[in-house]
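Number of protein chains: 2
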Amino acid sequence: MNKIKVACCQVAPVFGDVDGNLARAERALESAAALGAQVAVLPELANTGYVFASREEAQGLAEAVDGRSVSAWAALARRLGMVVAAGFCEAGAGGGVYNSAVLLGPDGEQACYRKAHLWDAEKLIFDLGDQPPPVLDTRFGRLALMICYDLEIPEWVRLPALAGAELLCAPVNWPVLPHPPGERQAERFKAQANAAFNRLPIAVCDRHGRERGVDWSGASLIVDANGYPQALAETGLKSDQLLLAELDLAASRDKFISQRNHVLDDRRPGLYRAPQDEDRRAVSAGAIGAG
Amino acid sequence: MNKIKVACCQVAPVFGDVDGNLARAERALESAAALGAQVAVLPELANTGYVFASREEAQGLAEAVDGRSVSAWAALARRLGMVVAAGFCEAGAGGGVYNSAVLLGPDGEQACYRKAHLWDAEKLIFDLGDQPPPVLDTRFGRLALMICYDLEIPEWVRLPALAGAELLCAPVNWPVLPHPPGERQAERFKAQANAAFNRLPIAVCDRHGRERGVDWSGASLIVDANGYPQALAETGLKSDQLLLAELDLAASRDKFISQRNHVLDDRRPGLYRAPQDEDRRAVSAGAIGAG
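This is the structure in structure tokens:
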């Protein structure tokens, strides 16, 4: 057994209020630490809010990875002796602006990730990341990081599992979308399935509240290596929620789901190349040639 | 709108009783047709039962793809004017024995598939298929086929989606495995997620009953392009169940989940190659060299 306590700090960032958002995040992280959390996840774009009107507005709020938001969270990770995962709006050195997140360890270890699958209007605002999800060794385990819609691409979740990650931290902002009454919303069962496909627990931290006309789900969950939730936010509430779950990382390292089935070794990657992907590339090249 | 009626015929094959199993399948298919089903799915290994004691026992019950079981189902597909999907124990021309399934259309069209991801003791009994899931054009739509544990490999479900499939038929035999009370079992939410990842509806036909000490889940479901069940078997019953759902195949062809997100075009396959897979191949080659 190798148990750790994991928290999701489901807060409601206020658009553009970086000071207030950092203060709210600090209080939530302190509460998580007081309850014994060793890893705590904040939502996507936790320092700025989400609903940017334009790329220029995002550039105006973007910070370098050594800027004040990440520096504040890194100091909290050290002071509270915990790993912090949080989303922020990143200003790249070359003028790019990214929907990014950081993993910050209690011993100063650090990884930054730029979202590689952008959702809807994000495509008009952010540049695409092109690096795989980072995997960071910390005193509490080998942790990975991705952001929101990335979690809906099963090929993407495979990568940290293959790299030996024992827990995936996922800051998200899930808008309220229609789903049948009594059914768990699709983003949730997609996270459950990806955890189970890989025996990789996932801590998903959503936000709640309303921002510039968008209502957020507040549907955070912590899923174990079998794909079952160990903690589920109650949706529809108007207050912050702190989810806490104990996860056994030894279970993450055991990839067998029957005597003879290992979820990673059972894959047959040589068979997974789609001829349609080759066709698409050819068509795309043709279109460029003709243009 | 392009609506079709899909049925899952959740029966309980009896081990080795091919005559009885074909008779039970015929009655179930006739019931489905009487209720207007245009596509009907039977379980995995529907002609023989599942719990083979050895490869030799499977070889003794295996049939060629033009043998009596598939011929009987093909005749029913013609007579009832429906597509039939069913699993059977296949004798390959070269002496191989496969956990296979067929898609049989009302106009004589036909596809056969050999399971490419084997579950547990199947690895001792069956040969591995090495062809992708077939996609078959029928008068009711473009249908694909895979079997049971294949459904738990998201890379595998991508392939028929990329090939334009509008409905995936999946004969399965899901053994009863422990899962938390109140939670839908993992096989079910994995199917839901794979449907939603690809906007590809999935008709999963499980079996019920007990066979040589194995209890089966009886957890058939028909999932729509959004990943939500349109029909769910009640588990734990001791009788056959006929699930029926109407699916709109126009929804399968619309791959957008937001104004700017297309579930297939959003993939970035060039980023999905895992260096660990290259390492594994190198290690494997090394081990062979040393052996």
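Going down the list, the protein sequences come from chains A and B.
Per the numbering used here, the very first residue in the first sequence carries number 1; after that it's consecutive.
Per the numbering used here, the very first residue in the second sequence carries number 292; after that it's consecutive.
We put the beta carbon where it would ideally sit given N, CA and C, even for glycine.
Quick caveat, the model's predicted, so the values are computed rather than measured.
| Check | Outcome |
| --- | --- |
| CB of residue 437 of chain B within 9 Å of CB of residue 424 of chain B, strictly | yes |
| Coarse secondary structure for residue 547 of chain B, derived from DSSP in three states | strand |
| Burial state of residue 337 of chain B, where buried means 16 or more other Cβ atoms lie within 10 Å | buried |
| Near-chain B residues of the segment 199-220 of chain A (beta-carbon distance less than 9 Å), N- to C-terminal order | none |
| Beta-bridge pairing of residue 98 of chain A - partner residues as DSSP gives them | A:90 |
| Spatial distance of residue 292 of chain B from residue 365 of chain B (CA atoms) | 28 Å |
| Boundaries of the alpha helix (DSSP H) in which residue 159 of chain A is found, first to last residue | 154-162 |
| Proximity test, Cβ basis, 9 Å: residue 258 of chain A and chain B | yes |
| Residue closest to residue 101 of chain A, alpha-carbon to alpha-carbon, out of A:38, A:217, A:192 and A:171 | A:171 |
| Under the three-state DSSP convention, the category residue 568 of chain B falls into | helix |
| 9 Å Cβ cut-off: residues of chain B touching residue 158 of chain A | 445, 446, 563 and 565 |
| Option nearest residue 536 of chain B by Cα separation, candidates B:389, B:313, B:327 and B:453 | B:327 |
| Under 9 Å between C-beta atoms of residue 108 of chain A and residue 78 of chain A | yes |
| Whether residue 381 of chain B touches residue 355 of chain B by CB criterion (9 Å) | yes |
| Distance between residue 233 of chain A and residue 219 of chain A (C-alpha atoms, nearest Å) | 5 Å |
| Those runs of the beta strand (DSSP E) which lie wholly inside the segment 132-210 of chain A and span at least 3 residues | 135-138, 141-145, 167-171 and 202-205 |
| Simplified DSSP assignment, three categories, for residue 59 of chain A | helix |
| Neighbour-count burial assignment, residue 256 of chain A, 16 or more Cβ in a 10 Å radius | exposed |
| 9 Å Cβ cutoff, residue 228 of chain A in contact with chain B | yes |
| Chain A contact for residue 440 of chain B (CB, 9 Å cutoff) | yes |
| Within 9 Å, strictly: CB atoms of residue 330 of chain B and residue 361 of chain B | no |
| Straight-line Cα distance separating residue 334 of chain B from residue 318 of chain B | 14 Å |
| Beta-carbon contacts of residue 431 of chain B that lie in its chain and below 7 Å, excluding the five residues immediately before and after | 295, 329, 330 and 374 |
| Local conformation of residue 507 of chain B per DSSP, three classes | strand |
| Coarse secondary structure for residue 309 of chain B, derived from DSSP in three states | helix |
| Three-way DSSP call (helix, strand, coil) for residue 413 of chain B in this model | helix |
| Exposure label - residue 212 of chain A; buried when at least 16 CB within 10 Å | exposed |
| Residue-level contact to chain A via CB, residue 481 of chain B, 9 Å cutoff | yes |
| Cβ-based burial, residue 378 of chain B [other Cβ within 10 Å; buried from 16] | buried |
| Pair within 9 Å by beta-carbon distance, residue 514 of chain B and residue 494 of chain B | yes |
| CB contact flag (residue 528 of chain B, residue 520 of chain B, <9 Å) | no |
| Residue 499 of chain B and residue 447 of chain B closer than 9 Å at C-beta | no |
| Chain B contacts made by the segment 85-118 of chain A, where a contact means CB separation under 9 Å | 116, 117 and 118 |
| Residue burial classification, residue 415 of chain B (beta-carbon count within 10 angstroms, cutoff 16) | exposed |
| Extent of the continuous alpha helix (DSSP H) to which residue 72 of chain A belongs | 68-80 |
| Interface residues of chain B facing residue 253 of chain A [CB-CB closer than 7 Å] | None at all; the shortest Cβ gap to chain B is about 15 Å. |
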